[in-house]
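Colleague: Sharing a structure here in structure tokens format.
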Amino acid sequence: MIYTPLCELLGIEHPILNAPMSGTATAELATAVSEADGFGMIGGTSRGGPDWLRAQIRAVRERTGRPFGVGFISSFPGLDDLIQVALDEQVTAINHSFADPTPYVEAAHRQNVKIFAQVQTVAQALVAARAGVDVIIAQGTEAGGHTGSTAGTLALVPAVVDAVNPIPVVAAGGIADGRGVAAVLMLGASGAWLGTRFVASREWGGRTWEQAAVLAATVDDTVRTSVYDAAFAAPFPEGIADRMLHNRFIARWQGRENEVRQNRQAILEQLSVADQEGDVELAGISSGVSAGLITTLEPAGEIVHRLIADAETLLHGQAQRLLRLRPCPAPPSNPPLP
């Protein structure tokens, strides 16, 4: 059985976490992942605000006694009220993304709540480590949704592991199957954080036409873009952009974000219609590169169990296949007597 320091820290059996996708990682998905002995996460940054978040947390508690957490886009306004809800409800862990977690650690620890910090660089990981976070999520640029621009998961994860040891590091970006889980564990990660794979789960809270687009995508079909952030005036930090499925809207406006801002009202009206009609050439769909590895829509619990089972098989089998014991050299023969 795969068991890492993350499992010990969080009280879980499997080091698999769903990404707290804003508005779509709801109580249903978090419950399913936690019930499968992973660690379920609610996307706490939602238009519903504090009342919605409190209801989501309590809905998970009604369905499972397993540990779970809440994740925030911490560069967005209104964060303090949302954090207070998570602290009052004493979730197991709170994740902060796209902001320095330092101001939030002490209050969480007073409530016995763990703090995660998602980072895109080693420098950010060091800031989080000095802040006293409990877990660091190292997110490579392959990840879907908002992510950094430079480091890929394969290089970023071991670099962060080396930089912040002994803090557990969870790998994010480009992981969709047991091969990815096994790979990041071999890089030193204590767990795997998956978003796009759980978009293609029955408990995901988005629309079916978004899921269909992700299932149809290949690894060549995503692009990092800020055109939708410009349209919606989303307050993400500099250097962060959204990895999405390429479409006609992005092709038209990529690199013309200032024009998007100048024409916001007309563009927002177009995007609203596209969203209502499921027009994937205009409506934005966040997706990681790993979409090209995903072909089926399944229950989240089954996804967790197969990820672990396949990773275990690989970790056992590949070692036996790739490693060969060298035969001991024969002792030198005694020279013949004269």
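Heads up: the sequence shown at position 216 corresponds to 245 in this note's numbering, and the numbers run straight through without jumps.
Quick reminder that beta carbons are idealized off the backbone N, C-alpha and C, glycines included.
1) Using a Cβ distance threshold of 8 Å, determine whether the stretch 282–302 contacts the stretch 210–221, with at least three qualifying pairs required.
2) Is Ala205 near Gln168, with beta carbons less than 7 Å apart?
3) Mapping DSSP to helix, strand and coil, what is Glu171?
4) Put Leu300 into one of helix, strand or coil per three-state DSSP.
5) Any heavy atom of the ligand GDP closer than 6 Å to the Cβ of Pro328?
6) Can you list the beta strand (DSSP E) stretches of 3 or more residues lying completely in the stretch 142–228, in chain order?
7) Under 8 Å: do the stretch 230–246 and the stretch 56–66 share three or more Cβ pairs, one atom per stretch?
8) Could you give the distance in angstroms between the alpha-carbon of Ala329 and the alpha-carbon of Gly224?
9) Drop a sphere of 10 angstroms on the beta-carbon of Met273, count the other beta-carbons inside from all chains shown, and report buried for 16 or more, exposed for fewer.
10) Taking only the alpha-carbon atoms, compute the straight-line gap between Tyr257 and Gln299 and give it to the nearest angstrom.
11) Between Val198 and Ile144, is the Cβ-Cβ spacing less than 7 Å?
12) Cutting at 7 Å between CB atoms, please list the residues of its own chain near Pro96, excluding the five before and the five after it.
13) Within its chain, find whatever has a CB closer than 7 Å to the CB of Leu116; leave out the 5 residues flanking it on each side and keep chain order.
14) Given this structure, state the Cα-to-Cα distance separating Val228 from Asp250, to the nearest angstrom.
15) If Phe101 and Pro266 are in contact, beta carbons under 8 Å, what's the gap, nearest whole angstrom?
16) Can you tell me whether Val2 is buried or exposed, with buried defined as 16 or more other CB within 10 angstroms of its CB?
17) Among Arg226, Val151 and Trp222, which one has its Cα closest to the Cα of Val190?
18) Under 8 Å, with one C-beta from each stretch per pair, do the stretch 315–328 and the stretch 240–255 reach the 3-pair mark?
19) Identify whether Glu232 lies in helix, strand or coil by the three-state DSSP scheme.
20) In its own chain, which residues sit with a C-beta less than 7 Å from the C-beta of Gln85, not counting the 5 before and 5 after it?
21) Around the C-beta of Gly346, are 16 or more other C-beta atoms found within 10 angstroms, so that it is buried, or is it exposed?
22) In the stretch 108–145, which residue ranges form an unbroken alpha helix (DSSP H) of at least 4 residues, counting only runs that do not cross its ends?
23) Would Met30 be called buried (16 or more neighbouring beta carbons within 10 Å of its own) or exposed?
24) Can the beta-carbon of Pro130 be found less than 7 Å from the beta-carbon of Ala154?
25) Starting from Ile279, follow the alpha helix (DSSP H) in both directions and report where the run begins and ends.
26) Just to confirm, are Leu311 and Ala320 a CB contact at a threshold of 7 Å?
27) Per DSSP, what kind of secondary structure is Glu267 in: helix, strand or coil?
28) Roughly how many angstroms lie between the CA atoms of Ala260 and Ala295, to the nearest whole one?
Modeller: With the structure as the only source:
1) no
2) The residue you call residue 205 lines up with position 176 of the sequence shown. The residue you call residue 168 lines up with position 139 of the sequence shown. No, the Cβ-Cβ distance between Ala205 and Gln168 is not below 7 Å.
3) Reading the sequence shown from its first residue, position 142 is the one you call residue 171. Three-state result, Glu171: coil.
4) Here residue 300 corresponds to residue number 271 of the sequence shown, with the count starting at 1. Three-state DSSP puts Leu300 in a helix.
5) Although the ligand GDP was asked about, the structure shown includes no ligands whatsoever.
6) 143–148, 164–168, 174–176, 198–201 and 220–223
7) yes
8) Counted from its first residue, the sequence shown places residue 329 at position 300. Counted from its first residue, the sequence shown places residue 224 at position 195. Distance between the alpha carbons of Ala329 and Gly224: 11 Å.
9) Here residue 273 corresponds to residue number 244 of the sequence shown, with the count starting at 1. The residue is buried, with at least 16 neighbouring Cβ atoms inside 10 Å.
10) Here residue 257 refers to the residue found at position 228 of the sequence shown. Here residue 299 refers to the residue found at position 270 of the sequence shown. So the two alpha carbons sit approximately 12 Å from each other.
11) As a working note, residue 198 is residue 169 in the sequence shown. As a working note, residue 144 is residue 115 in the sequence shown. In this structure, the beta-carbon distance from Val198 to Ile144 does not fall below 7 Å.
12) Position 67 of the sequence shown holds residue 96. So the list reads Leu39, Gly40, Ile41, Ser63, Phe68 and Thr121, once near-sequence residues are dropped.
13) The residue given as residue 116 occupies position 87 in the sequence shown. A distance below 7 Å between beta-carbons, with the five flanking residues on each side excluded, links Leu116 to the following residues of its chain, in chain order: Ala136, Ala137, Gln140 and Val142.
14) Counting from one through the sequence shown, the residue named residue 228 turns up at place 199. Counting from one through the sequence shown, the residue named residue 250 turns up at place 221. C-alpha separation (whole angstroms): 16 Å.
15) Here the question's residue 101 lines up with position 72 in the sequence shown. Here the question's residue 266 lines up with position 237 in the sequence shown. Actually they are not in contact, since the Cβ atoms of Phe101 and Pro266 sit about 14 Å apart, beyond 8 Å.
16) Look at the range of the chain in this structure, 30 to 367, and you will see that residue 2 is not part of it.
17) What you label residue 190 is simply residue 161 of the sequence shown in a count that begins at 1. Measuring from the Cα of Val190, the nearest candidate turns out to be Val151.
18) yes
19) Numbered from 1 along the sequence shown, position 203 holds the residue referred to as residue 232. In this structure, Glu232 counts as coil in the three-state DSSP scheme.
20) Counted from its first residue, the sequence shown places residue 85 at position 56. Excluding sequence neighbours, Gln85 sits near Thr55, Ala56 and Ile71.
21) In the sequence shown, counting from the first residue as 1, residue 346 sits at position 317. With fewer than 16 Cβ atoms within 10 Å of its Cβ, Gly346 is classed as exposed.
22) 108–117 and 131–139
23) Residue 30 sits at position 1 when you count from the first residue of the sequence shown. Met30 should be labelled exposed.
24) Counting from 1 along the sequence shown, the entry for residue 130 is found at position 101. Counting from 1 along the sequence shown, the entry for residue 154 is found at position 125. Taking 7 Å as the Cβ cut-off, Pro130 and Ala154 do not qualify as a contacting pair.
25) One-based indexing of the sequence shown puts residue 279 at position 250. It spans Arg277 to Trp282 - the alpha helix (DSSP H) in which Ile279 sits, taken as one unbroken run.
26) Your numbering for residue 311 matches position 282 in the sequence shown. Your numbering for residue 320 matches position 291 in the sequence shown. Result no, Cβ atoms of Leu311 and Ala320 do not sit closer than 7 Å.
27) For the purposes of this step, residue 267 is taken as residue 238 along the sequence shown, with counting starting at 1. If DSSP states are grouped into helix, strand and coil, Glu267 belongs with coil.
28) Looking up residue 260 in the sequence shown gives position 231. Looking up residue 295 in the sequence shown gives position 266. Going from the Cα of Ala260 to the Cα of Ala295 covers about 10 Å.
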